[in-house]
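A.B. asks: Below is a structure I'd like to ask you about.
4 protein chains.
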Amino acid sequence: MTDDARAIVAQFLDGSPFVSFLNLSLVELDAQAGTVTMRMPMRPELERGGSMTGQFHGGAIAALIDTVGDLAVAVRVGGAVPTINFRVDYLRPSTGNALTATATARRVGRTVGVADVDVMDEQGRLTAVGRGTYSAQPG
Amino acid sequence: MTDDARAIVAQFLDGSPFVSFLNLSLVELDAQAGTVTMRMPMRPELERGGSMTGQFHGGAIAALIDTVGDLAVAVRVGGAVPTINFRVDYLRPSTGNALTATATARRVGRTVGVADVDVMDEQGRLTAVGRGTYSAQPG
Amino acid sequence: MTDDARAIVAQFLDGSPFVSFLNLSLVELDAQAGTVTMRMPMRPELERGGSMTGQFHGGAIAALIDTVGDLAVAVRVGGAVPTINFRVDYLRPSTGNALTATATARRVGRTVGVADVDVMDEQGRLTAVGRGTYSAQPG
Amino acid sequence: MTDDARAIVAQFLDGSPFVSFLNLSLVELDAQAGTVTMRMPMRPELERGGSMTGQFHGGAIAALIDTVGDLAVAVRVGGAVPTINFRVDYLRPSTGNALTATATARRVGRTVGVADVDVMDEQGRLTAVGRGTYSAQPG
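Protein chains in written order, with the working numbering: chain A, 2 to 140; chain B, 2 to 140; chain C, 2 to 140; chain D, 2 to 140.
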């Protein structure tokens with residue numbers, strides 16, 4: 002990881018009270034492959050509740066997708082970028098002690114960047130997928 | 002509001018640790034119009050942070066949209082429903098003491114329901130819009 | 002309708018072989034309300050086929066949504082704009098001699114514009130909805 | 002390719018006037034990988050027109066994505082399925098004599114299936130991506 006990428010990740014993890022609350026940690030940043038992987042541990046406030054004990058709420062998964070997708074574009078353009086829009090599809094219940102999200106920038110142009118995000122549980126099952134469009138101009 | 006609707010809203014607000022954390026409250030449920038309006042107050046953990054003091058993080062807005070859209074379908078089918086997918090578009094920075102989200106079920110069929118969600122700040126500006134597809138079968 | 006808007010609509014209807022093929026016609030352009038309504042008649046090439054005689058194919062409906070949403074942003078920014086992305090939800094089979102699509106620009110900022118599109122059949126039933134993000138810079 | 006898959010593809014290519022108009026042809030169906038690749042040649046009616054000579058209109062690309070994504074789910078569930086919704090992101094102008102779309106079913110559950118679609122030009126550049134949700138029940 003370059004120093005620039007390291008600085009952007011640190012800015013992400015420390016600069017936002019919401020991201021701090023989600024307690025995200027960097028698993029891997031593979032600049033060659035253009036992928037970023039982060040881990041979000043379960044905490045009581047993120048539970049969906051009801052009869053589905055131990056399941057992450059979809060809103061928490063959406064927040065994870067938004068954030069990690071942003072980071073995949075951010076390391077390409079040199080700083081955190083505003084989200085324009087994103088879509089999340091829930092494929093399976095997301096349970097366990099933690100989720101892992103891997104984001105890949107599919108294309109970064111002059112105006113916008115598009116990132117795909119795959120969310121896995123600890124068994125390696127794909128539980129949700131996201132696709133976001135971000136501004137390509139940090140700020 | 003019918004007793005059934007009241008029970009579904011109570012189940013929403015009390016049954017999920019995540020929704021409790023978001024601290025949502027019901028503003029209006031207009032069964033005639035098929036709309037549900039909820040309010041999400043700012044709290045430190047929901048801040049985007051950085052130089053944009055007082056701005057809600059997009060992930061928190063996405064969670065608000067997912068939840069209120071779900072409720073608009075839930076009151077039509079008689080219970081909380083799994084989210085299949087949703088899209089959120091951020092139109093303006095979302096700042097202030099609270100956001101208000103109004104969801105409308107555009108169509109509820111046998112298999113799925115589709116809801117639109119408009120998010121407003123306290124000045125009545127539209128700051129984000131969401132569109133979600135939910136299962137039409139409670140469970 | 003202003004002369005500018007009239008010129009943009011004419012450019013839309015005449016400038017693209019694909020739009021000519023779809024045979025779209027302007028029903029109403031309400032600059033006050035910020036809405037554009039266009040009509041797409043059935044033609045044999047647009048049929049879904051199979052056992053669903055007389056049903057528009059979803060791909061034709063998607064093309065209608067993309068085009069009319071674009072026009073709603075175009076009249077605001079003064080010229081046709083590139084589509085960045087859009088989503089289409091199919092709510093009911095779309096049958097009959099023609100479909101009508103009404104697009105509303107929800108927000109046009111410096112970089113992008115967002116438009117909602119409602120598709121109706123001749124009975125006034127909502128058969129599909131679209132939401133698109135377009136560049137706010139004509140070209 | 003199994004006889005079943007062959008029959009489903011034939012049903013797709015021959016059963017719909019709209020798909021016939023798009024003139025799609027099967028490039029590869031890899032049941033092992035769960036991918037379907039189809040080719041759509043340029044024809045005058047699919048051109049975007051204007052100053053962008055030789056560019057496919059976005060509506061035609063959306064129709065390609067919808068159709069090939071559907072096929073990826075169809076071969077898994079044994080017949081063509083209704084599209085529930087899809088999203089398309091345009092990454093680059095799509096020019097040339099033909100486009101190739103590869104669809105992968107990311108997950109097929111009891112109720113719905115989700116497919117990703119990558120669209121490439123003849124130079125192998127990714128020009129658009131799609132993600133669709135389809136009913137998992139043929140009919």
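Where is the CB? At the ideal position from N, CA and C, for every residue including glycine. The structure displayed is predicted, hence computed values, not measured ones.
Write down the C-beta distance between A/Leu72 and A/Phe57 rounded to the nearest angstrom, noting that I regard them as a contact closer than 8 Å.
C.D. replies: Residue 72 of chain A sits at position 71 when you count from the first residue of the first sequence. Residue 57 of chain A sits at position 56 when you count from the first residue of the first sequence. Actually they do not touch by this definition, with Cβ atoms about 19 Å apart.
A.B. asks: In angstroms, rounded to a whole number, what distance separates the CA positions of A/Asp5 and A/Val76?
C.D. replies: Here residue 5 of chain A is taken as the residue at index 4 of the first sequence, counted from 1. Here residue 76 of chain A is taken as the residue at index 75 of the first sequence, counted from 1. Distance between the alpha carbons of A/Asp5 and A/Val76: 8 Å.
A.B. asks: Would A/Val130 pass as a contact of A/Asp119 if the rule is Cβ separation under 8 Å?
C.D. replies: Counted from its first residue, the first sequence places residue 130 of chain A at position 129. Counted from its first residue, the first sequence places residue 119 of chain A at position 118. For A/Val130 and A/Asp119, yes; Cβs fall inside 8 Å.
A.B. asks: Please list the segments of the alpha helix (DSSP H) lying wholly inside the stretch 53–140 of chain A, counting only runs of 4 or more residues, in order along the chain.
C.D. replies: Complete alpha helix (DSSP H) runs here, min 4: 59–78.
A.B. asks: What residues from the stretch 74–86 of chain A come within 7 Å of chain D, judged by C-beta to C-beta, listed N to C?
C.D. replies: If the cut-off is 7 Å between Cβ atoms, the stretch 74–86 of chain A has nothing near chain D.
A.B. asks: Can you list, in chain order, the residues of its chain whose CB lies under 6 Å from that of B/Glu29, leaving out five sequence neighbours each side?
C.D. replies: Against the second sequence, residue 29 of chain B aligns to sequence position 28. Excluding sequence neighbours, B/Glu29 sits near Thr38.
A.B. asks: Residues in the same chain with beta-carbon distance under 6 Å from A/Val115, minus the five sequence neighbours each way, listed in chain order, please.
C.D. replies: For the purposes of this step, residue 115 of chain A is identified with residue 114 of the first sequence, where counting begins at 1. Same-chain partners within the cutoff: Arg107, Arg108 and Thr134.
A.B. asks: So is C/Thr36 buried or exposed if we call it buried at 16+ other beta carbons inside 10 Å?
C.D. replies: In the third sequence, counting from the first residue as 1, residue 36 of chain C sits at position 35. C/Thr36 should be labelled buried.
A.B. asks: Return the residue from the list B/Thr103, B/Asn24 and B/Gly60 that minimises the CA-CA distance to B/Arg44.
C.D. replies: Taking the first residue of the second sequence as position 1, residue 44 of chain B is located at position 43. Taking only the C-alpha atoms, the option nearest B/Arg44 is B/Asn24.
A.B. asks: If you draw a straight line from the C-alpha of A/Val10 to the C-alpha of A/Ala102, how long is it?
C.D. replies: Along the first sequence, read from residue 1 onward, the residue named residue 10 of chain A stands at position 9. Along the first sequence, read from residue 1 onward, the residue named residue 102 of chain A stands at position 101. Using only the alpha carbons, I get a separation of about 15 Å.
A.B. asks: D/Asp122 versus chain A: which residues are under 7 Å apart at the beta carbon?
C.D. replies: For the purposes of this step, residue 122 of chain D is taken as the residue at position 121 of the fourth sequence. Those within 7 Å of D/Asp122 in chain A number zero; the least Cβ separation is about 13 Å.
A.B. asks: Compute the Euclidean distance between the alpha carbons of A/Leu92 and A/Gly79, then round it to the nearest angstrom.
C.D. replies: Indexing the first sequence from 1 puts residue 92 of chain A at position 91. Indexing the first sequence from 1 puts residue 79 of chain A at position 78. Their Cα atoms are separated by approximately 32 Å.
A.B. asks: Name the chain C residues that come within less than 7 Å of A/Val113, Cβ to Cβ?
C.D. replies: Here residue 113 of chain A corresponds to residue number 112 of the first sequence, with the count starting at 1. Going along chain C in sequence order, the residues near A/Val113 (Cβ under 7 Å) are Ile85.
A.B. asks: For A/Val21, which of B/Gly60, B/Ser95 and B/Gly70 has the nearest alpha-carbon?
C.D. replies: Numbered from its first residue, the first sequence carries residue 21 of chain A at position 20. Just to set this straight, residue 21 of chain A is Ser in the shown sequence, not Val. Minimum Cα distance to A/Ser21 is reached at B/Gly60.
A.B. asks: For A/Asp31, count neighbouring Cβ atoms within 10 angstroms of its own Cβ and tell me buried if that reaches 16, exposed if not.
C.D. replies: For this step, residue 31 of chain A is matched to residue 30 along the first sequence. Result: exposed.
A.B. asks: Does the beta carbon of C/Thr134 sit closer than 8 Å to a beta carbon anywhere in chain A?
C.D. replies: Along the third sequence, read from residue 1 onward, the residue named residue 134 of chain C stands at position 133. Yes, C/Thr134 counts as interfacial toward chain A.
A.B. asks: With which residues is D/Leu27 paired in a DSSP beta bridge?
C.D. replies: Position 26 of the fourth sequence, counted from the start, is the residue given in the question as residue 27 of chain D. Answer by DSSP bridge pairing, in chain order: D/Met39.
A.B. asks: In whole angstroms, what is the alpha-carbon distance linking C/Asp117 and A/Ala137?
C.D. replies: Looking up residue 117 of chain C in the third sequence gives position 116. Looking up residue 137 of chain A in the first sequence gives position 136. The straight-line gap from Cα to Cα measures roughly 24 Å.
A.B. asks: At the 8 Å Cβ level, is A/Ser17 part of the contact set with chain B, yes or no?
C.D. replies: Position 16 of the first sequence, counting from 1, holds the residue named residue 17 of chain A. Yes - at least one Cβ of chain B is within 8 Å of the one on A/Ser17.
A.B. asks: Quick test of your reading: D/Val82 and D/Ala104, contact by CB under 8 Å. State the CB separation rounded to the nearest angstrom.
C.D. replies: Within the fourth sequence, the letter at position 81 stands for residue 82 of chain D. Within the fourth sequence, the letter at position 103 stands for residue 104 of chain D. No, D/Val82 and D/Ala104 are not in contact; Cβ-Cβ is about 13 Å, not under 8 Å.
A.B. asks: Using a Cβ-Cβ distance under 8 Å, would D/Arg126 count as near chain C?
C.D. replies: Residue 126 of chain D sits at position 125 when you count from the first residue of the fourth sequence. So no, D/Arg126 is outside the interface.
A.B. asks: Just the Cα atoms here: how many angstroms apart are C/Phe13 and C/Gln124?
C.D. replies: One-based indexing of the third sequence puts residue 13 of chain C at position 12. One-based indexing of the third sequence puts residue 124 of chain C at position 123. About 27 Å.
A.B. asks: Ignore the nearest five residues each way along the sequence and tell me which others in A/Pro18's own chain have a CB closer than 8 Å to its CB.
C.D. replies: By 1-based counting over the first sequence, the position of residue 18 of chain A is 17. If we look at A/Pro18 and ignore the five residues flanking it on each side, it has no Cβ neighbours.
A.B. asks: Distance cutoff 8 Å, beta carbons only. Does B/Arg88 sit that close to anything in chain D?
C.D. replies: The residue labelled residue 88 of chain B in the question sits at position 87 within the second sequence. Chain D contact via Cβ: present.
A.B. asks: Please work out which residues of its chain come closer than 7 Å, Cβ to Cβ, to A/Thr112, disregarding the five sequence neighbours upstream and downstream, and give them in chain order.
C.D. replies: Here residue 112 of chain A refers to the residue found at position 111 of the first sequence. Excluding positions up to five away in sequence, the list reads Ala137.
A.B. asks: B/Thr103 versus chain A: which residues are under 7 Å apart at the beta carbon?
C.D. replies: Taking the second sequence and counting its residues from 1, the one referred to as residue 103 of chain B is at position 102. None at all; the shortest Cβ gap to chain A is about 17 Å.
A.B. asks: Measuring alpha carbon to alpha carbon, tell me which residue in D/Arg88, D/Leu127, D/Pro94 and D/Ile62 is nearest C/Arg132.
C.D. replies: Stepping through the third sequence from its first residue, residue 132 of chain C is reached at position 131. Of D/Arg88, D/Leu127, D/Pro94 and D/Ile62, the residue nearest in Cα terms is D/Arg88.
A.B. asks: For chain A, is any of its Cβ atoms less than 8 Å away from the one on D/Val130?
C.D. replies: Along the fourth sequence, one-based indexing puts residue 130 of chain D at 129. Chain A, which has a Cβ nearer than 8 Å to the Cβ of D/Val130, makes this yes.
A.B. asks: Do you know how far the Cα of C/Leu100 is from the Cα of C/Arg40?
C.D. replies: Looking up residue 40 of chain C in the third sequence gives position 39. Looking up residue 100 of chain C in the third sequence gives position 99. In a straight line, the C-alpha of C/Arg40 is about 6 Å away from that of C/Leu100.
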